[in-house]
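Since the structure comes first, as C-alpha coordinates, the remarks are kept for the end.
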Amino acid sequence: MVSVADNVSESLDFEALIKKFSKTKEVTEDKYLYLRDFRYVHDKDLGHTLVDRSNNDQYVLYGDTPIRQLCKIVKVPFDFLKRNPNYLNDDIMDFWLSETLKQAEEKSNGTHGDHKLFRVFKKNSVNYVRAIVDYDVSIVNNIDILDLVRDTFKSAELTFVKGTDFLDSVLNFRVSLEEKFDPGDGEVCHLGLHIKTSELGVSKFVLDSLIYRPVCDNGLIVKYGGKPYFSSNYKGVATSDLSGILSNSLERMNNDLSVSLGNLRKSVEEKVTNSDVRSLFNKFKTQRGLNPKFMEMVEGRASLSENLWQVVNNITNAAKELPTDQRVKYERFAGDLLQLDFKVN
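For the sequence shown, this note's numbering assigns the number 10 to the initial residue and increments by one for each residue that follows.
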(Lines of atoms letter the chains of each structure in order from A and count residues from 1; the text may use other names and numbers.)
(Lines give C-alpha, C1' and ligand atoms only; values in the text may rest on other atoms or scores of the structure.)
Protein backbone atom coordinates (compact mmCIF):
# COMPACT_ATOMS: atom_id res chain seq x y z
CA MET A 1 0.00 0.00 0.00
CA VAL A 2 1.05 3.62 -0.45
CA SER A 3 2.76 4.77 2.73
CA VAL A 4 2.45 8.53 2.32
CA ALA A 5 -0.38 10.44 4.02
CA ASP A 6 -3.63 10.75 2.14
CA ASN A 7 -3.31 14.51 1.77
CA VAL A 8 0.17 14.33 0.20
CA SER A 9 0.30 14.39 -3.59
CA GLU A 10 2.26 11.71 -5.39
CA SER A 11 4.51 12.27 -8.42
CA LEU A 12 3.27 14.98 -10.79
CA ASP A 13 5.13 13.57 -13.79
CA PHE A 14 2.31 13.12 -16.32
CA GLU A 15 4.31 10.88 -18.69
CA ALA A 16 5.61 8.69 -15.88
CA LEU A 17 2.07 8.26 -14.60
CA ILE A 18 0.79 7.30 -18.05
CA LYS A 19 3.62 4.80 -18.42
CA LYS A 20 2.82 3.29 -15.02
CA PHE A 21 -0.89 2.87 -15.74
CA SER A 22 -0.13 1.54 -19.23
CA LYS A 23 1.79 -1.33 -17.63
CA THR A 24 -1.12 -1.97 -15.26
CA LYS A 25 -3.52 -2.22 -18.21
CA GLU A 26 -1.15 -4.57 -20.07
CA VAL A 27 -1.16 -7.13 -17.25
CA THR A 28 -4.87 -6.82 -16.42
CA GLU A 29 -7.59 -8.95 -17.98
CA ASP A 30 -11.36 -8.85 -17.52
CA LYS A 31 -13.11 -12.20 -17.19
CA TYR A 32 -16.87 -12.73 -17.07
CA LEU A 33 -17.59 -15.57 -14.67
CA TYR A 34 -20.39 -17.06 -12.60
CA LEU A 35 -19.92 -17.18 -8.84
CA ARG A 36 -21.90 -20.43 -8.72
CA ASP A 37 -18.84 -22.11 -10.27
CA PHE A 38 -16.63 -21.29 -7.28
CA ARG A 39 -16.07 -22.37 -3.73
CA TYR A 40 -14.28 -20.24 -1.14
CA VAL A 41 -11.14 -21.33 0.71
CA HIS A 42 -8.55 -19.56 2.78
CA ASP A 43 -5.30 -20.93 1.39
CA LYS A 44 -2.47 -20.92 3.95
CA ASP A 45 -0.07 -19.47 1.37
CA LEU A 46 -2.32 -17.47 -0.94
CA GLY A 47 -4.98 -16.22 1.49
CA HIS A 48 -8.61 -15.53 0.46
CA THR A 49 -9.20 -17.61 -2.66
CA LEU A 50 -12.05 -18.62 -4.94
CA VAL A 51 -11.52 -22.06 -6.50
CA ASP A 52 -13.23 -23.14 -9.73
CA ARG A 53 -15.21 -26.30 -8.93
CA SER A 54 -14.67 -27.78 -12.40
CA ASN A 55 -10.91 -27.42 -12.87
CA ASN A 56 -9.55 -26.17 -9.50
CA ASP A 57 -8.23 -22.94 -11.04
CA GLN A 58 -7.44 -20.52 -8.24
CA TYR A 59 -8.58 -16.90 -8.15
CA VAL A 60 -6.76 -15.19 -5.29
CA LEU A 61 -8.40 -12.05 -3.91
CA TYR A 62 -5.59 -9.51 -4.14
CA GLY A 63 -5.76 -6.85 -1.43
CA ASP A 64 -8.80 -5.69 0.52
CA THR A 65 -10.85 -4.37 -2.43
CA PRO A 66 -12.05 -7.70 -3.93
CA ILE A 67 -12.51 -9.15 -0.43
CA ARG A 68 -14.79 -6.23 0.48
CA GLN A 69 -16.66 -6.62 -2.79
CA LEU A 70 -17.20 -10.35 -2.22
CA CYS A 71 -18.31 -9.68 1.36
CA LYS A 72 -20.86 -7.19 0.06
CA ILE A 73 -22.17 -9.72 -2.45
CA VAL A 74 -22.62 -12.46 0.16
CA LYS A 75 -23.70 -10.00 2.89
CA VAL A 76 -20.93 -10.92 5.32
CA PRO A 77 -19.35 -7.91 7.10
CA PHE A 78 -15.74 -7.42 6.05
CA ASP A 79 -14.59 -6.79 9.65
CA PHE A 80 -16.34 -10.00 10.75
CA LEU A 81 -14.43 -11.96 8.12
CA LYS A 82 -11.13 -10.38 9.20
CA ARG A 83 -11.70 -11.20 12.87
CA ASN A 84 -12.65 -14.83 12.36
CA PRO A 85 -10.16 -17.72 12.41
CA ASN A 86 -9.46 -18.76 8.83
CA TYR A 87 -10.76 -22.32 9.30
CA LEU A 88 -14.20 -20.91 10.22
CA ASN A 89 -14.30 -18.54 7.26
CA ASP A 90 -14.23 -21.42 4.77
CA ASP A 91 -17.58 -22.75 6.00
CA ILE A 92 -19.13 -19.34 6.65
CA MET A 93 -18.25 -17.90 3.25
CA ASP A 94 -19.19 -21.07 1.38
CA PHE A 95 -22.58 -21.19 3.10
CA TRP A 96 -23.42 -17.53 2.48
CA LEU A 97 -22.07 -17.67 -1.04
CA SER A 98 -24.49 -20.47 -1.90
CA GLU A 99 -27.40 -18.77 -0.06
CA THR A 100 -26.78 -15.44 -1.78
CA LEU A 101 -26.62 -17.07 -5.18
CA LYS A 102 -29.91 -18.88 -4.59
CA GLN A 103 -31.56 -15.56 -3.70
CA ALA A 104 -29.98 -13.84 -6.69
CA GLU A 105 -31.25 -16.54 -9.03
CA GLU A 106 -34.77 -16.22 -7.65
CA LYS A 107 -34.79 -12.42 -8.09
CA SER A 108 -33.30 -12.53 -11.58
CA ASN A 109 -35.44 -15.44 -12.83
CA GLY A 110 -32.33 -17.49 -13.50
CA THR A 111 -30.60 -14.93 -15.71
CA HIS A 112 -27.70 -12.87 -14.38
CA GLY A 113 -27.93 -13.14 -10.61
CA ASP A 114 -24.34 -14.25 -10.10
CA HIS A 115 -22.75 -13.12 -13.37
CA LYS A 116 -19.71 -11.03 -12.42
CA LEU A 117 -16.78 -9.27 -13.99
CA PHE A 118 -13.47 -10.39 -12.46
CA ARG A 119 -10.61 -7.96 -13.08
CA VAL A 120 -7.51 -10.16 -12.83
CA PHE A 121 -3.81 -10.43 -13.50
CA LYS A 122 -1.83 -13.65 -13.76
CA LYS A 123 1.35 -14.61 -11.93
CA ASN A 124 2.91 -18.09 -11.76
CA SER A 125 -0.23 -19.59 -13.35
CA VAL A 126 -2.41 -18.15 -10.57
CA ASN A 127 -5.18 -15.65 -11.22
CA TYR A 128 -5.04 -12.68 -8.83
CA VAL A 129 -8.32 -10.80 -8.59
CA ARG A 130 -8.20 -7.01 -8.28
CA ALA A 131 -11.98 -6.47 -8.38
CA ILE A 132 -15.33 -8.28 -8.56
CA VAL A 133 -18.26 -6.23 -9.90
CA ASP A 134 -21.55 -6.86 -11.69
CA TYR A 135 -21.13 -8.05 -15.27
CA ASP A 136 -22.80 -4.93 -16.71
CA VAL A 137 -20.76 -2.32 -14.84
CA SER A 138 -18.55 -0.17 -17.08
CA ILE A 139 -15.08 0.21 -15.57
CA VAL A 140 -12.76 2.76 -17.19
CA ASN A 141 -9.04 2.16 -16.91
CA ASN A 142 -6.99 4.91 -15.27
CA ILE A 143 -4.72 5.07 -18.31
CA ASP A 144 -7.68 5.67 -20.63
CA ILE A 145 -8.82 8.66 -18.57
CA LEU A 146 -5.32 10.13 -18.38
CA ASP A 147 -4.87 9.70 -22.13
CA LEU A 148 -8.17 11.47 -22.77
CA VAL A 149 -7.27 14.36 -20.47
CA ARG A 150 -3.88 14.76 -22.13
CA ASP A 151 -5.40 14.58 -25.64
CA THR A 152 -8.31 16.91 -24.84
CA PHE A 153 -6.27 19.53 -22.97
CA LYS A 154 -2.87 19.73 -24.66
CA SER A 155 -1.39 22.09 -22.06
CA ALA A 156 -2.89 20.47 -18.97
CA GLU A 157 -0.54 20.24 -15.99
CA LEU A 158 -0.98 17.84 -13.10
CA THR A 159 -1.22 19.68 -9.78
CA PHE A 160 -2.35 16.82 -7.51
CA VAL A 161 -2.38 13.00 -7.79
CA LYS A 162 -3.43 10.44 -5.20
CA GLY A 163 -4.04 6.71 -5.57
CA THR A 164 -1.47 5.47 -8.09
CA ASP A 165 -0.42 2.28 -6.31
CA PHE A 166 -1.49 -1.05 -7.83
CA LEU A 167 -3.57 -1.79 -4.72
CA ASP A 168 -5.22 1.63 -4.53
CA SER A 169 -8.93 1.41 -5.22
CA VAL A 170 -9.56 5.08 -6.10
CA LEU A 171 -7.58 7.58 -8.16
CA ASN A 172 -7.91 11.32 -7.56
CA PHE A 173 -6.11 13.81 -9.73
CA ARG A 174 -6.45 17.41 -10.81
CA VAL A 175 -5.12 19.39 -13.71
CA SER A 176 -4.56 23.07 -14.30
CA LEU A 177 -5.57 24.32 -17.76
CA GLU A 178 -4.06 27.18 -19.78
CA GLU A 179 -7.12 29.44 -19.35
CA LYS A 180 -6.12 31.97 -16.68
CA PHE A 181 -7.33 35.21 -15.15
CA ASP A 182 -6.70 37.67 -12.30
CA PRO A 183 -9.47 37.68 -9.67
CA GLY A 184 -8.40 41.16 -8.60
CA ASP A 185 -5.71 40.51 -6.01
CA GLY A 186 -2.82 40.35 -8.50
CA GLU A 187 -2.45 36.54 -8.25
CA VAL A 188 -3.23 34.46 -11.34
CA CYS A 189 -5.88 31.75 -11.21
CA HIS A 190 -6.44 28.96 -13.74
CA LEU A 191 -9.43 26.93 -14.78
CA GLY A 192 -8.94 23.30 -13.90
CA LEU A 193 -10.51 19.90 -13.29
CA HIS A 194 -10.61 17.50 -10.37
CA ILE A 195 -11.32 13.89 -11.36
CA LYS A 196 -12.16 10.98 -9.10
CA THR A 197 -12.31 7.54 -10.65
CA SER A 198 -11.84 3.86 -9.89
CA GLU A 199 -10.68 1.16 -12.28
CA LEU A 200 -11.76 -1.35 -9.62
CA GLY A 201 -15.40 -0.28 -9.55
CA VAL A 202 -15.22 1.14 -6.04
CA SER A 203 -16.54 4.64 -6.75
CA LYS A 204 -18.40 6.62 -9.38
CA PHE A 205 -16.56 8.67 -11.98
CA VAL A 206 -16.80 12.28 -10.75
CA LEU A 207 -15.66 15.39 -12.62
CA ASP A 208 -15.49 18.70 -10.76
CA SER A 209 -14.81 22.11 -12.32
CA LEU A 210 -11.99 23.82 -10.49
CA ILE A 211 -10.63 27.33 -10.06
CA TYR A 212 -6.98 26.75 -9.24
CA ARG A 213 -4.65 29.23 -7.51
CA PRO A 214 -1.02 28.21 -8.21
CA VAL A 215 0.60 30.60 -5.73
CA CYS A 216 -0.77 28.55 -2.80
CA ASP A 217 -1.58 25.34 -4.69
CA ASN A 218 -5.20 25.57 -3.57
CA GLY A 219 -8.52 25.83 -5.34
CA LEU A 220 -12.27 26.02 -5.07
CA ILE A 221 -14.91 24.01 -6.87
CA VAL A 222 -17.72 25.29 -9.07
CA LYS A 223 -20.97 23.35 -8.80
CA TYR A 224 -23.83 22.81 -11.23
CA GLY A 225 -27.27 22.44 -9.73
CA GLY A 226 -25.63 21.84 -6.35
CA LYS A 227 -23.61 18.92 -7.71
CA PRO A 228 -20.32 18.15 -9.52
CA TYR A 229 -20.20 19.01 -13.22
CA PHE A 230 -20.57 15.29 -13.98
CA SER A 231 -21.08 12.19 -11.86
CA SER A 232 -21.78 8.75 -13.31
CA ASN A 233 -24.42 6.40 -11.94
CA TYR A 234 -23.46 3.15 -10.24
CA LYS A 235 -23.15 1.39 -13.61
CA GLY A 236 -20.24 3.64 -14.54
CA VAL A 237 -19.46 5.58 -17.70
CA ALA A 238 -18.25 4.39 -21.10
CA THR A 239 -14.80 5.49 -22.25
CA SER A 240 -16.34 6.59 -25.54
CA ASP A 241 -18.48 9.16 -23.70
CA LEU A 242 -15.65 10.71 -21.69
CA SER A 243 -14.08 12.73 -24.49
CA GLY A 244 -17.28 14.71 -25.02
CA ILE A 245 -17.82 15.12 -21.29
CA LEU A 246 -14.31 16.52 -20.82
CA SER A 247 -14.41 18.94 -23.75
CA ASN A 248 -17.92 20.10 -22.82
CA SER A 249 -16.78 20.82 -19.27
CA LEU A 250 -14.17 23.31 -20.52
CA GLU A 251 -16.69 24.95 -22.85
CA ARG A 252 -19.13 25.32 -19.95
CA MET A 253 -16.47 26.78 -17.63
CA ASN A 254 -15.49 29.31 -20.28
CA ASN A 255 -19.15 30.25 -20.81
CA ASP A 256 -19.57 30.83 -17.07
CA LEU A 257 -16.22 32.55 -16.61
CA SER A 258 -17.58 36.11 -16.73
CA VAL A 259 -19.95 35.34 -13.85
CA SER A 260 -17.28 33.42 -11.92
CA LEU A 261 -14.78 36.22 -12.39
CA GLY A 262 -17.34 38.81 -11.37
CA ASN A 263 -18.06 36.93 -8.14
CA LEU A 264 -14.36 36.49 -7.40
CA ARG A 265 -13.59 40.16 -7.95
CA LYS A 266 -16.58 41.14 -5.84
CA SER A 267 -15.19 38.96 -3.02
CA VAL A 268 -11.86 40.80 -3.26
CA GLU A 269 -13.64 44.14 -2.99
CA GLU A 270 -15.95 42.99 -0.18
CA LYS A 271 -14.21 44.06 3.01
CA VAL A 272 -14.80 42.02 6.16
CA THR A 273 -14.13 42.55 9.83
CA ASN A 274 -13.30 40.05 12.55
CA SER A 275 -16.96 40.22 13.56
CA ASP A 276 -18.06 39.46 9.99
CA VAL A 277 -15.81 36.40 9.89
CA ARG A 278 -17.17 35.17 13.22
CA SER A 279 -20.76 35.59 12.04
CA LEU A 280 -20.01 33.82 8.77
CA PHE A 281 -18.46 30.79 10.47
CA ASN A 282 -21.18 30.63 13.14
CA LYS A 283 -23.69 30.38 10.32
CA PHE A 284 -21.98 27.40 8.70
CA LYS A 285 -20.38 25.54 11.64
CA THR A 286 -23.37 23.27 11.98
CA GLN A 287 -23.96 22.77 8.26
CA ARG A 288 -24.35 19.09 7.48
CA GLY A 289 -21.06 17.47 6.53
CA LEU A 290 -18.79 20.21 7.89
CA ASN A 291 -16.62 19.40 10.89
CA PRO A 292 -17.17 21.99 13.66
CA LYS A 293 -13.63 21.60 15.03
CA PHE A 294 -12.13 22.11 11.59
CA MET A 295 -14.33 25.16 11.04
CA GLU A 296 -13.20 26.61 14.37
CA MET A 297 -9.57 26.10 13.41
CA VAL A 298 -10.09 27.78 10.03
CA GLU A 299 -11.98 30.64 11.68
CA GLY A 300 -8.88 31.39 13.73
CA ARG A 301 -6.76 31.54 10.57
CA ALA A 302 -9.34 33.64 8.74
CA SER A 303 -9.96 36.13 11.55
CA LEU A 304 -7.39 38.59 10.15
CA SER A 305 -8.76 38.42 6.60
CA GLU A 306 -9.39 41.78 4.94
CA ASN A 307 -11.93 40.54 2.40
CA LEU A 308 -14.13 37.53 1.57
CA TRP A 309 -11.63 36.25 -0.99
CA GLN A 310 -9.00 35.90 1.75
CA VAL A 311 -11.52 34.08 3.95
CA VAL A 312 -12.21 31.62 1.12
CA ASN A 313 -8.49 31.08 0.53
CA ASN A 314 -7.96 30.37 4.23
CA ILE A 315 -10.59 27.64 3.98
CA THR A 316 -9.11 26.04 0.86
CA ASN A 317 -5.55 26.31 2.18
CA ALA A 318 -6.53 24.55 5.40
CA ALA A 319 -8.43 21.92 3.40
CA LYS A 320 -5.15 20.82 1.76
CA GLU A 321 -4.26 19.20 5.10
CA LEU A 322 -7.31 16.91 4.95
CA PRO A 323 -7.83 13.55 3.20
CA THR A 324 -8.82 14.04 -0.43
CA ASP A 325 -12.59 13.48 -0.17
CA GLN A 326 -12.83 15.90 2.75
CA ARG A 327 -10.64 18.43 0.97
CA VAL A 328 -13.01 18.40 -2.01
CA LYS A 329 -15.99 18.86 0.31
CA TYR A 330 -14.55 22.12 1.71
CA GLU A 331 -13.51 23.32 -1.73
CA ARG A 332 -17.14 22.91 -2.80
CA PHE A 333 -18.18 24.82 0.30
CA ALA A 334 -15.73 27.60 -0.65
CA GLY A 335 -17.39 27.79 -4.05
CA ASP A 336 -20.77 28.10 -2.32
CA LEU A 337 -19.53 31.11 -0.35
CA LEU A 338 -18.80 32.84 -3.66
CA GLN A 339 -22.14 31.70 -5.11
CA LEU A 340 -20.43 29.60 -7.79
CA ASP A 341 -23.32 27.21 -8.38
CA PHE A 342 -24.70 27.37 -11.91
CA LYS A 343 -27.84 25.96 -13.46
CA VAL A 344 -27.61 22.66 -15.28
CA ASN A 345 -28.15 23.11 -19.01
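For each residue, glycine too, the CB sits at the ideal point set by N, CA and C.
According to DSSP, D52 shares a beta bridge with G56.
Residue state for K292 is assigned as helix, using DSSP reduced to three classes.
Bounds of the beta strand (DSSP E) holding D39 are 37-43. For the set V179, W318, L176, the Cα lying nearest the Cα of G271 is the one of W318. Your pair L55 and L106 does not check out as a contact, with CB atoms roughly 18 Å apart and the cut at 8 Å. In the structure shown, I82 adopts helical secondary structure according to DSSP, grouped into three states.
Inside the region 196-254, DSSP marks whole beta strand (DSSP E) runs of 3 or more residues at positions 198-206, 215-222, 227-233, from first to last along the chain. Bridge partners of D61 according to DSSP: F47. Straight across, the Cα-Cα distance linking E187 with L200 is about 7 Å. Contact check for V60 against F47 passes: the beta carbons are separated by less than 8 Å. Residue pairing from DSSP places A140 in a beta bridge opposite R128. Taking V149 as the centre and dropping the five residues before and after it, the same chain places the C-beta of T248 closer than 6 Å to its C-beta, in chain order. Each residue's CA atom was taken as its position, placing V129 and Q296 some 42 Å apart. With a beta-carbon spacing of about 25 Å, I152 and I230 fall beyond the 8 Å limit used to define contacts. S252 counts as exposed, since fewer than 16 other beta carbons sit within 10 angstroms of its beta carbon.
A straight line joining the alpha-carbon of I254 with that of V146 spans about 19 Å.
Within the model, the alpha-carbon separation for S314 versus S240 is close to 34 Å.
In this structure, the beta-carbon distance from S256 to I220 does not fall below 8 Å. Taking 8 Å as the cut-off, the beta carbon of A311 is found closer than this to the beta carbon of N323.
In this chain, the beta strand (DSSP E) harbouring L167 covers 166-171.
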